[in-house]
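Using the numbering used here, the first residue of the sequence shown is number -11, and each one after it goes up by one.
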Amino acid sequence: MSQPLNSIPRPLVRTNQWVIVISSVLALTTGNYWILLLPLLSGLSGLLFHLNPVMYLAKFLLRHPVNTYIPEDRDQQKFNQTIAVSCLAIAFISFLLQWTLIAIIFTVIVALAAFIAILGFCIGCFIHFHWSQYRQRKIQAQSQSK
């Protein structure tokens, strides 16, 4: 199986999702919200510099060549990571400002979304698909009205 150039091996995506889930649960159960910086800064690094440290380190733990794993679309993962980083940033900043309810809500949202993705349903993919459909219908409507 050949790995497409614009893809990420599924085990690396799953590792990133588990880091989000575990960090979120630890932050909520221990009250140490600084733990959220691990997935937040890692995800931000992936978005800005195309190097997610969690995925980079996880790559060394792969047992098989990278191209033998099920590929995940890089653009879709970038969209999902943008949502995750946004929720983590809102949660972290809310913890700093002592807006506890908002912090808890956004921490739970990102943890649930990552856990549901691990189980097989990608909420970010669902949102991305429907957003793309909406944009396409809007473009078609504009071109038909001219």
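The beta-carbon is built from N, C-alpha and C at its ideal position, and this holds for glycine as well.
Treat the numbers as computed from the prediction; the structure is a model and nothing was measured.
Exercise. Kindly indicate which three-state DSSP category I58 falls into: helix, strand or coil?
Key: coil
Exercise. Give a yes or no on contact between the segment 83 to 92 and the segment 68 to 75, applying the rule of three or more CB pairs nearer than 8 Å.
Key: no
Practice problem: Kindly identify the DSSP beta-bridge partner or partners of P27. | Solution: Answer is none; P27 lacks a bridge partner.
Quiz item: Sorted by chain position, which residues of the same chain lie with C-beta nearer than 6 Å to I97's C-beta, five sequence neighbours on each side aside?
Solution: C75
Quiz item: Apart from the five residues just before and just after E60, which ones in its own chain have a Cβ nearer than 7 Å to its Cβ?
Solution: Around E60, the same chain offers S(-5), I(-4), R(-2), V1 as residues with beta carbons nearer than 7 Å, after the five sequence neighbours per side are excluded.
Practice problem: Apply the 10 Å Cβ neighbour rule to I23 and answer buried if 16 or more other Cβ atoms are within range, or exposed otherwise. | Solution: buried
Quiz item: Could you give the distance in angstroms between the alpha-carbon of M43 and the alpha-carbon of R123?
Solution: 31 Å
Exercise. Would you kindly work out how many angstroms separate the C-alpha atoms of K66 and A77, rounded to a whole number?
Key: Each residue's alpha carbon lies about 16 Å from the other.
Exercise. Could you tell me which of H38, V9, N20 sits nearest to P27, measuring between CA atoms?
Key: Proximity to P27 across H38, V9, N20 peaks at V9, based on C-alpha coordinates.
Quiz item: Taking DSSP as the reference, what is the three-state secondary structure of D53?
Solution: First, the residue type needs correcting, since residue 53 is Pro and not Asp in the sequence shown. DSSP places P53 in coil when its eight states are reduced to three.
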